[in-house]
Every structure is written in C-alpha cells, then in structure tokens.
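Numbering (my numbering), first residue to last: 1392 to 1795.
All C-beta atoms, glycine included, are put in the ideal place defined by N, C-alpha and C.
Computed from a predicted model, the values in this text were never measured in an experiment.
Data block below; observations after.
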C-alpha cells in the first residue's frame, strides 16, 4: 500500500523505536546477571531485584509524567526522558556497587516512563478513530525488541563484558533522541488548563476515573496483562524444567511466541478498520478462551510439548488482539487526557505483572498446572467482564465516541 507523505503511518517506526527502549532495557542485560553478581561481589538476588526496581520506577514514571504531559505538552517530557535514559545508561556502565547500580536503574526507569508515556497519546491524536490500527502496527514492530534483546546481550558479552550492554543502550538512546528531535510530530498540548500543576494532575486523573464506561476495558487490560506476565514468569520453568527442552530450544520457542504476538497485531491492524475494535476484541476472546481450556487439558493430561507449544502460540495471538483493542478503546475516550489514560493503563499492567509472580509463588507445586490454571482463570474473568457488557448492553468507549 502506498502511503501518502501526509499519512501518520510514516511516524510509526519512530514510535516503535521509542517504545522499544523499555524491552531493551529489561531484556538485554538478562544474560549478564550472573557475571554482574560476580563483578559486584553480590548475591544474584540483588541483581534480580534490579528488574523489579525497574518495573516499579517505570510505572511511577508513567503515573507521574502522564498527566504532566497532558498539562504542559509532550515535547519536554519526551526529550528530557530520553536524555535522562541516555545519561543513566552510561553511568550504569561505570557502577562499582550493586547499590549504585540499582539506584541508577530506578532513575533510568523513571526517565523511560517519562519518554514512552507520550507516544500513545500522540498516536491517538494522529489516528483518531483508527487508534487501534496505529497501536497494532506500533506493537507489532515493537515486538522485535524483546525477541532480539537477549541475543544482542549475549553477543555483546561474547566480545566484551556487562558494562558494554549499557553503553550500547546509551548509544541507542542517542540515535533515538536525534531522530525524535528531527522527525517526532510534536502536537500542541490539547489538555492544557489554567490551573496549577498539582490541581491539573488531580483533575486529569479525576476525568479518567469518572468515566465508568472504561472500567470494563481497564479490567480487560489488567486481566490480559496478568495472563501475559504469567506466561513470562513461568515459561522457562515449564519448558526447561518440566518438559526438558534445552536452553537453545527454549530461545527458539520464546522467539516463536514473539512472532505469534506480532502476527496477532498484524491480523488486527489489517482487520480492525473493517470490524471495529470492539468486535475484534470479542472475536479474539472466544479464541483465547478455547485456547486456554485446551492448554489446561493438555498440561493436566501431560501431553507432548509440541501440543502445549501450539496451544500457547494460539493463545498469545488472541490475547494480543484483545490487549491492543482494549487499550485503544480506552485511549479513544480521552482526547485531552491521553497521557493520564496511558499512565493508568501502564500502572495496571505493571501491577498485574507483579501480582502474577506472587500468585504463581503461592500456587507452586512443582508442576506446570499452576501456570495453565492461572491463565485459564484470567481468561475466564475476561469472558465474564465482556459478557456482562454484552448482556446488559452497557455503553462502551466505541459507542460513546461514535456519538460525539
């Protein structure tokens, strides 16, 4: 398809590249954790703690800077966030203790949250009623980062040591900052109000939380993400410890899952204009529920790993379609508070991710059943939420926007 020079599609690669700083920062240093523990003469749990600190800082950055971007405009937060991400990445490569590394990691996450929280609102402004399509394309492109990040980190470690990973992250940030200054479509702040910052933030969150039409879709986002993090937290244990696949085979299977997620976004991007985000969400929910039931039965009856992998791939494809459309429908409801809405969505997602780990620890019994049971539970909750919306004909963000 030929894209006109004025089409917002031309900005999508840059949006995806900005979004990618988060999965790159999370996944690139995973292969280096044992070496970092030796370098810092620290316990491996301290280095693993830096990942939780990053997630907490990222969520806090989104919560803090989302409404501020609505109030003052996105440019200052995007550029400052990217600059802070670059500086902290370079400083982390010179960290001499685990404590200083973790502190810098928290600041890096805050800056990453400040930068990435500006992107969904910009997509909403540019694409309007086609927000789901724009989000799908960005998500599809962004999936390349988590697929490649651990491999990139391993290659860097082959030629150098762990500080080089953070030097590469800093260089990546510089490239993105230059491209952002030159090409990012900085739009005027549509939500600016003549109030103080604190009152402006409270007012923005008040607008978001008063819109009850979005509550079922915020729950949908939360339960979908809980399913995703259940997979991320458990998949290495399930594949390697339970089914005995090698670490190399695990890498291939993990990459296949990322391809499945990308395929889900591709299908959604090609079909959402025709069917609408609400219909796409509901159709995908049927497929997700069937896949979750099949996965649970396969694991319960100890079927071969090939069948389990197939069920997971199909499940993740449908969950990605659900997540993308749910997020887009929420964003479409807030033309003047898109940064705040993004912050709420992001906080729910990272909160759900932390909750997944707690639930899996509580349910652990040495088998793969807690993994499949928790996913089936989450998908069942999704079905209940959307069935209530459908049966009681509750208003939805799509229907509300169509009357504006």
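Identity of the residue in the options nearest residue i by Cα
i: residue 1358; options: 1410, 1504, 1450; result: The structure shown does not extend to residue 1358, since the chain spans only 1392 to 1795, so no value can be given for it.
i: residue 1431; options: 1633, 1554, 1705; result: 1554
i: residue 1528; options: 1511, 1657, 1608; result: 1657
i: residue 1646; options: 1519, 1770, 1456, 1542; result: 1542
i: residue 1410; options: 1545, 1512, 1701, 1752; result: 1512
i: residue 1648; options: 1702, 1736, 1603; result: 1702
i: residue 1655; options: 1605, 1707, 1670, 1637; result: 1707
i: residue 1796; options: 1450, 1788, 1445, 1779; result: Nothing about residue 1796 can be read from this structure; the chain reaches only from 1392 to 1795.
i: residue 1535; options: 1631, 1478, 1520, 1412; result: 1412
i: residue 1478; options: 1558, 1448, 1743, 1540; result: 1558
i: residue 1621; options: 1662, 1421, 1487, 1683; result: 1683
i: residue 1446; options: 1741, 1771, 1502, 1675; result: 1741
i: residue 1676; options: 1618, 1758, 1482; result: 1618
i: residue 1762; options: 1400, 1630, 1711, 1641; result: 1630
i: residue 1466; options: 1399, 1573, 1779; result: 1573
i: residue 1664; options: 1653, 1521, 1756, 1423; result: 1521
i: residue 1377; options: 1457, 1492, 1449; result: Residue 1377 is absent from the structure shown; the chain starts at 1392 and stops at 1795.
i: residue 1680; options: 1771, 1474, 1641; result: 1771
i: residue 1689; options: 1758, 1650, 1569; result: 1758
i: residue 1784; options: 1652, 1604, 1448, 1519; result: 1604
i: residue 1494; options: 1423, 1739, 1443, 1635; result: 1443
i: residue 1597; options: 1674, 1569, 1458; result: 1458
i: residue 1660; options: 1530, 1519, 1417; result: 1530
i: residue 1448; options: 1652, 1644, 1738; result: 1738
i: residue 1399; options: 1514, 1786, 1540; result: 1514
i: residue 1569; options: 1518, 1474, 1666, 1539; result: 1474
i: residue 1650; options: 1421, 1539, 1456; result: 1539
i: residue 1720; options: 1421, 1476, 1609; result: 1609
Residue environment, residue i, which counts as buried when at least 16 other CB atoms sit within 10 Å
i: residue 1402; result: buried
i: residue 1691; result: exposed
i: residue 1526; result: buried
i: residue 1600; result: exposed
i: residue 1552; result: exposed
i: residue 1353; result: Residue numbering for the chain in the displayed model covers 1392 to 1795; residue 1353 lies beyond these limits and cannot be assessed.
i: residue 1549; result: exposed
i: residue 1754; result: exposed
i: residue 1773; result: buried
i: residue 1782; result: exposed
i: residue 1668; result: buried
i: residue 1460; result: buried
i: residue 1452; result: buried
i: residue 1722; result: buried
i: residue 1488; result: exposed
i: residue 1607; result: buried
i: residue 1429; result: exposed
i: residue 1775; result: exposed
i: residue 1585; result: Legend: pLDDT at residue 1585 = 49, less than 50; position of this residue unreliable, no value from coordinates given.
i: residue 1752; result: exposed
i: residue 1425; result: exposed
i: residue 1464; result: buried
i: residue 1547; result: buried
i: residue 1779; result: exposed
i: residue 1637; result: exposed
i: residue 1643; result: exposed
Supposed close pair residue i, residue j - CB separation, criterion 8 Å
i: residue 1705; j: residue 1672; result: Their Cβ separation, rounded to whole angstroms, is 17 Å, which puts residue 1705 and residue 1672 out of contact at 8 Å.
i: residue 1405; j: residue 1575; result: 6 Å
i: residue 1516; j: residue 1578; result: 5 Å
i: residue 1715; j: residue 1523; result: 6 Å
i: residue 1734; j: residue 1508; result: 6 Å
i: residue 1544; j: residue 1419; result: 4 Å
i: residue 1358; j: residue 1571; result: As shown, the chain starts at 1392 and ends at 1795. That puts residue 1358 outside it, with no answer to give.
i: residue 1815; j: residue 1408; result: Outside the shown range of the chain, which is 1392 to 1795, sits residue 1815, and nothing can be said about it.
i: residue 1699; j: residue 1686; result: 7 Å
i: residue 1777; j: residue 1611; result: 7 Å
i: residue 1423; j: residue 1556; result: 6 Å
i: residue 1724; j: residue 1602; result: 6 Å
Minimum Cβ-Cβ distance from residue i to chain C less than 7 Å
i: residue 1622; result: Reference to chain C is not applicable here, since this structure consists of a single protein chain.
Would you say the stretch 1757-1769 touches the stretch 1606-1626, given that touching needs at least three Cβ pairs under 8 Å?
-> Proximity of the stretch 1757-1769 to the stretch 1606-1626 meets the contact definition, three or more beta-carbon pairs being nearer than 8 Å.
Flag this pair as touching only if the stretch 1433-1447 and the stretch 1554-1562 have three or more C-beta atom pairs under 8 Å; answer yes or no.
-> no
For the 8 Å Cβ check, are there 3 or more pairs between the stretch 1683-1700 and the stretch 1498-1517?
-> no
Where are the alpha helix (DSSP H) runs, 4 residues long or more, that stay fully inside the stretch 1511-1557, in chain order?
-> 1522-1533, 1535-1550
At what residue ranges does the stretch 1686-1742 contain a whole run of the beta strand (DSSP E), taking only runs of 3 or more?
-> none
Curious, which full-length alpha helix (DSSP H) runs of at least 4 residues does the stretch 1437-1525 contain?
-> 1466-1483, 1489-1507, 1509-1518
Mind pulling the alpha helix (DSSP H) runs of 4 or more residues that sit fully within the stretch 1598-1671?
-> 1606-1627, 1638-1666
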